[in-house]
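Below is one structure; the comments refer to it alone.
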Amino acid sequence: MSRLVNAEHLRASYHTPDGREVTAVDGVSVHIDEGEVLGIAGESGSGKSTLGAILSLTARPPLYVDSGSLEIDGQTQALDGSSKIPRTWRGSVVSLLPQGAMNSISPTMRVRDLVVDVMRAHNRSVTKDEALDRARDRLASLDLPTRVLDAYPHQLSGGMKQRTVTIISTLLNPRLLIADEPTSALDVTSQKALIDMLLQMLEQKIMSGVIFITHDLPVLRTVSNRIAVMYAGKIVEVGDAEELTTAPRHPYSAALLSSVLVPEPAYRKMRVYGIPGAPPNLAHPPSGCRFHPRCGLVMDECHTEEPPHVGDQLRFSKCFWALKNPGQSVPLKAVTASSLSETDTVVEDDDDTTSRPDDEPSEVPA
Amino acid sequence: MNFARYLGRKALWYLAALIIALLLNFILPRLIPGNPVDAIVSQLSRGGGTGGDQLKAIHENYMREFGLDKPLWEQFLVYLGQLAQGDLGTSFAQFPASVNTLVAAALPWSIAIQLPAILVGWVLGNILGAIAAFKGGWFDRGAFLPSLFLSSMPPYCLAILLLYIVGVKLQILPIGGAYSFGLSPELSLEFFGDAITYFWLPFWSIVLIFLGGQAVGMRSMAIYENGSDYVNYGRGLGLRDSKIVRYIFRNAMLPQITGLALSISGMIAGALITELVFSYPGIGTLLFNAISQVDYPVIQAITLFITLAVLGANFLMEILYGIIDPRIRASQSGDR
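Line order of the protein sequences matches chains A and B.
Under the numbering used here, think of the first position of the first sequence as 1, with each following residue one higher.
Under the numbering used here, think of the first position of the second sequence as 367, with each following residue one higher.
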């Protein structure tokens, strides 16, 4: 397989009105092979959506990209504002499939108007009929009714709206599709329909790669080839989807997995441990490894030193424990054991439902 | 089509509202204390020389002439009968001038000054507000504060300020009236050139006030829409900024159109204070004089025009809303 995307050294921060900079994505590199789905998992506030905004080239104030470059198919584009990003890259090279398609189409326009506008934004010579024909073919090939083109957004159901938006996002055959929590607002049936459709599109080579951002680990396991786990603005582990979910090599991945309920018999008597504590405020990230205050396997060097990169580009873990125990997976219980005495029956989902420990409210939008 | 049926039903309601308004227009002026004929007769007696019997005869004569000796319901029927023939009656205070002529003489002045003023103010205000919302920063602050100041200023303050500075101190433009003494309204270039100098002051005093309010409203709507999902998605699809701005405009426009319709319907009432300050011979001045002279037919006629304008503008607005926003169209025609 050939390499599709190399995104290197991405760093972006939110500038708060009182002049502080909150770095939401800090030195992240992403690599994707042709035909691959990379899942990105993490709690709210871990920087997943910010990463999505950077890669889909839609970062806008108060979010500023400080450094980073994006290489797709040999074309390289600096993201730090030093060179202007061509408008037509958005939509045709990378395309965004947004979170909550509910309001993604202006309420006063028909779907077909947006289809025509999108096609003509990239090629002025496209006629209205050509644009609509293309959308109709696309809809038909994915077994969707073509009448959605004549509808206003409020006339479509949530699931249909999300699938329609997916069609529009991929109209121009983007090389990379960035799907930012596309399934989060949908019921399980619509989630499955959308995921099946995405995989079908990938098979038809409508797009060459997908970055799928979600906090929903079971969904990620079904949709992605590889999974990247983000914590506090950094990718802490990347690995093959099956391998990462069964044998994680970073304590945070293990903790994240232990807080997911799966409706299978084996889980009936299992205890959901959850992750003690709350994600750090990114305005003042912890020193050393950012997970160390919540980690059950914490060592001395974790407090002060940046954790090492263990593994290669496509499969790595950033952890001192992984460095000392090569090839081993993190024992689930060990991760959370140390703090279990204080917070005994913690059952929390992987989303951030607890309040932050420090008094300062977080300035970072999810 | 369902929407047409909806509009038909609405039209019936508007008709009912019109009939009630006609009744009120008729009764309310008659509740003003004082009899118009008393005022006219006391005016005559002031000159002296006329005896009590003569005055009484004159009084009765006027009462009969104006139809005020008949019971109220009969007067109303007579009024409706005249109205059906397009006759608005005869003015009491400027007897025997017909109300039709009085209104016809005043209305063009009011419309000529206000329709352009409202349209110019609306268009400029909305553009200014939208640009301020997009640019932000210094441009925003520079445009927003004066707009807020203008919109919260009472109309007569600005009118008097303009009058004093431009008309009295600088003496650039004439301070009152609609055209120079000695000319009479006609369609000639000479008359137009003269009238336009009288036009600017009241025109700008209306434009500036209206522009401020529209800019403030549009700015906050556009800021709100600018942060919405479809803007971000449109950018993610590589749409041109101008295209996205058009989406935002369409969505931010609805409350602004309400404002426009209400102003245009209010226009018939005349910019009363502005017209008085500049002694402009429009409907506002006519209404003001009619009320002070208890001139029933003139008051009735003007309030009737106001009623028609308000109802008409609201009806148009309802159609326009349906065209702009599909969700309103759907709920109006009972789709959901």
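Note that CB positions come from ideal geometry on N, CA and C, so glycine has one too.
These numbers come from a predicted model, not from an experiment.
Using a CB distance below 7 angstroms, the part of the segment 679-698 of chain B facing chain A consists of Ile690, Asp691, Pro692 and Arg693, ordered along the chain. Runs of the alpha helix (DSSP H) spanning 4 or more residues and lying entirely within the segment 484-519 of chain B occur at 503-517, in chain order. Excluding five sequence positions before and after Val573/B, the CB atoms of its chain that fall closer than 7 angstroms to its own CB belong to Ala483, Val486 and Gly487, given in chain order. The alpha carbon of Ser608/B has as its nearest neighbour, out of Ala12/A, Arg87/A, Asp73/A and Gly81/A, the alpha carbon of Arg87/A.
For Ser259/A, no CB of chain B lies under 7 angstroms from its own CB, so it is not counted at the interface with that chain. Between the alpha carbons of Ala499/B and Val93/A lies a distance of about 30 angstroms. Taking C-beta atoms under 8 angstroms as the contact rule, Tyr687/B and Leu620/B qualify, at a distance of about 7 angstroms. Annotation: Ala151/A is outside any alpha helix (DSSP H) and is labelled neither H nor E by DSSP. In the structure shown, Met299/A falls within a coil segment according to DSSP collapsed to helix, strand and coil.
Scanning its chain for C-beta atoms nearer than 6 angstroms, with the 5 sequence neighbours on each side dropped, one finds around Ser645/B the residues Gly542 and Gly543, in chain order.
Judged by DSSP in its simplified three-state form, Asn391/B adopts helix. Out of Val310/A, Pro276/A, Ser224/A and His284/A, the CA that lies nearest to the CA of Ala41/A is found in Ser224/A.
At a C-beta separation below 8 angstroms, Arg396/B has no neighbours in chain A, since its nearest C-beta there lies roughly 48 angstroms away. Between Thr58/A and Gly602/B, the CB-CB gap stays under 7 angstroms. Judged by beta-carbon spacing, Pro540/B lies beyond the 7 angstroms limit of Thr640/B, meaning their Cβ atoms are not closer than that value. Chain-order list of chain A residues neighbouring Asn598/B: Ala53, Thr58, Arg60, Leu96, Pro98 and Ser104, by C-beta distance under 9 angstroms. Below 8 angstroms, enough C-beta pairs join the segment 164-180 of chain A and the segment 200-208 of chain A to call them touching: three or more.
In the pairwise beta carbon analysis, the segment 137-155 of chain A is classified as not touching the segment 175-186 of chain A: fewer than three pairs are separated by under 8 angstroms. Counting the other CB atoms within 10 Å of its CB gives Cys319/A a total of 16 or more, which places it among the buried residues. Taking 7 angstroms as the threshold, the shortest C-beta distance from Gly602/B to chain A falls below it. Contact check for Gly400/B and Val611/B: beta-carbon distance about 58 angstroms, past the 8 angstroms limit, so the pair fails to qualify. Burial check for His31/A: the Cβ neighbour count within 10 Å reaches 16 or more, so the residue is buried. Within the segment 582-659 of chain B, the runs of alpha helix (DSSP H) that reach at least 4 residues and sit entirely inside it are, in chain order, 595-602, 607-633, 638-643 and 649-658. Close to Asn617/B, with beta-carbon spacing below 7 angstroms, are these residues of chain A in chain order: Ser106, Pro107 and Thr108.
A direct Cα-to-Cα measurement between Leu373/B and Gln622/B gives close to 22 angstroms. At a Cβ-Cβ threshold of 7 angstroms, Val126/A and Arg120/A count as neighbours. Beta-bridge annotation (DSSP): Lys318/A is paired with His309/A. Nearest CB-CB separation between Thr88/A and chain B: below the 7 angstroms threshold.
In the three-state DSSP reduction, Tyr380/B falls in the helix class (H, G or I). Comparing alpha-carbon positions, the option among Val582/B, Ile630/B, Tyr662/B and Ala696/B lying closest to Phe681/B turns out to be Ile630/B. Under the 7 angstroms criterion on CB atoms, Gly91/A is classed as interfacial with respect to chain B.
Counting along the chain, the unbroken alpha helix (DSSP H) around His425/B starts and ends at Gly418 to Phe432.
It is roughly 21 angstroms from the alpha-carbon of Gly533/B to the alpha-carbon of Ala478/B. Taken in chain order, the complete beta strand (DSSP E) segments of 3 or more residues contained in the segment 43-90 of chain A are 63-72 and 75-78. A check of alpha carbon separations from Gln460/B across Thr673/B, Ser697/B, Ile689/B and Leu652/B identifies Leu652/B as the nearest.
Non-local C-beta neighbours of Thr76/A in its own chain, meaning closer than 8 angstroms and more than five positions away in sequence, comprise Ser69 and Leu70, ordered along the chain.
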